């Protein structure tokens, strides 16, 4: 899938269209217009060609990929590309971006189909397993295989137990990693809210600076880092730079006054929590399952299912039921491991809901500005 290069800012007043796939071309259907009245939201199907027509009538970009779900247009009139066919400059700090197939917005659209996709994999594997049983009974004698059922059964049990233990540990591991990633996102957001709260009650000029840096950090995490984490791209160092500036402002709260000193200590502690939770979040982006374990999972699945074919069951239907059930169960669990492997990617990705909640809390505390529209 495309990654970072497939993102651009859509100039205000542009018309975005998608075209039905056709070798001869097809009329384009208008999706939405970006206007000066504020952000507008469009939902489009993926993998459709997309054309962005600038207010001047120029076509600034065409792509064979579709617009991601719930794409948000920028405010105002951001600077775009200078010529037809070029990607306009992306300003992540000031404008929402139109992200192509890669990224968290596409994954949000994908979530509604994760169960359907899993069902297709499981049913498809079951159909293939049943077809192989049919061919086996047609060309190989069940009586010949039945002579070795005792030995086959013993090996089947050993392989099944070993594979079940390994698979169970991996499923639990990826599930725990997913839960920890979500918990860390809320720890980071809650600690940032506490920093904002203390900063809101600090004297000027620290008050305004701490509030502004807290808002900037939260927006950077939501608008810039989360799409990068979803695509497993390199994370921008901008977030750490903002936290460094916050640390400088917190250090300036040091005083001989006991009340101010207590405020400084509380803020410094919460800022350390933000940094720690951020580090845990970023370290989980590329965690995944070790390739060696994936090899063991797939090889073990093949061996486990293969031994089910070695049983000499006289009835074709009974044998097919046994093999298909085993195959579908194994494929279902492997699919679960695949979807849970990366906490911020694929169909079960953790979203930036916690940090968006922090932005809402900033507004409630006061001086937080407006909350970005919910995706």
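In my numbering, the protein residues as written are 742 to 1116.
The C-beta atom is built at its ideal place from N, Cα and C for all residues, glycine as well.
These figures come from a predicted structure and were not determined experimentally.
Contact set for residue 862: own chain, Cβ-Cβ below 7 Å, skip 5 residues either direction: 1072, 1076
Cutoff 6 Å; reference residue 958; Cβ partners in own chain excluding five residues on either side: 983
Other residues of its chain near residue 1106: CB distance less than 7 Å, five sequence neighbours each side excluded: 937, 938, 941
Rounded straight-line distance, which links the Cα of residue 996 to that of residue 1019: 28 Å
Completely contained alpha helix (DSSP H) runs for the region 863-930, where each covers 4 or more residues: 883-887
Rounded Cβ spacing between residue 913 and residue 1034 (contact assumed at less than 8 Å): Actually they are not in contact, since the Cβ atoms of residue 913 and residue 1034 sit about 13 Å apart, beyond 8 Å.
CB of residue 979 within 7 Å of CB of residue 961, strictly: yes
Residue of 965, 1039, 928, 944 minimising C-alpha distance to residue 998: 944
Start and end residues, alpha helix (DSSP H) containing residue 1094: 1094-1106
Any alpha helix (DSSP H) of 4 or more consecutive residues that is wholly inside the region 954-1038: 967-971, 979-992, 999-1024
Cβ separation of residue 916 and residue 1074, assumed to be a contact under 8 Å, to the nearest whole Å: About 12 Å separates the two Cβ atoms, so there is no contact after all.
Residue nearest to residue 1093 in terms of C-alpha spacing, selected from 1065, 970, 1030, 1059: 970
Residue 1055 vs residue 919 beta-carbon contact at 7 Å: no
Residues near residue 866 in its chain [Cβ-Cβ closer than 7 Å; skip 5 each side]: 1068, 1069, 1072
Residue 1061 versus 859, 857, 864, 873, residue with shortest Cα-Cα distance: 873
Option in 1089, 1078, 888 with minimal Cα separation from residue 907: 1078
Alpha-carbon spacing of residue 1087 relative to residue 869, whole angstroms: 26 Å
Inter-stretch contact at 8 Å, needing at least 3 Cβ pairs: the region 1006-1023 / the region 1031-1049: no
Close-in-space but distant-in-sequence residues of the same chain around residue 879 (CB under 6 Å, 5 per side omitted): none
Under the three-state DSSP convention, the category residue 801 falls into: Unreliable placement is indicated for residue 801, whose pLDDT of 40 sits below 50; the coordinate value is still reported in the next sentence. Reduced to three states, the DSSP call for residue 801 is strand.
Cβ-Cβ separation, residue 1096 to residue 926 (assumed contact under 8 Å), whole Å: 7 Å
7 Å Cβ cutoff met for residue 1026 and residue 929: no
DSSP three-state assignment for residue 1089, whether helix, strand or coil: coil
Contact set for residue 988: own chain, Cβ-Cβ below 7 Å, skip 5 residues either direction: 1012
Option nearest residue 946 by Cα separation, candidates 990, 933, 893: 990
Candidates 1028, 1010, 1037: closest to residue 932 by CA position: 1010
N- and C-terminal bounds of the alpha helix (DSSP H) containing residue 1065: 1057-1081
Buried or exposed by the 16-neighbour rule on C-beta atoms within 10 Å, applied to residue 857: exposed
Pick from 1099, 1065, 1038 that is closest to residue 909, judged by C-alpha positions: 1038
Sequence-distant residues of the same chain with beta carbon closer than 7 Å to residue 1022, five excluded per side: 922, 925, 926, 929
Other residues of its chain near residue 745: CB distance less than 6 Å, five sequence neighbours each side excluded: Confidence in residue 745 is poor, its pLDDT being 29 and thus under 50, which makes the residue's placement unreliable; the coordinate value appears in the next sentence. Same-chain partners within the cutoff: 974.
Classification of residue 891 by the beta-carbon crowding that lies within 10 angstroms, buried from 16 upward: exposed
Integer-rounded CB distance, given that residue 899 should sit under 8 Å from residue 1089: Not quite, the Cβ-Cβ distance comes to about 33 Å (not below 8 Å), so this is no contact.
Rounded separation between residue 951 and residue 992 - CA only: 11 Å
Under 7 Å between C-beta atoms of residue 1053 and residue 887: yes
Distance, residue 949 Cα to residue 904 Cα: 58 Å
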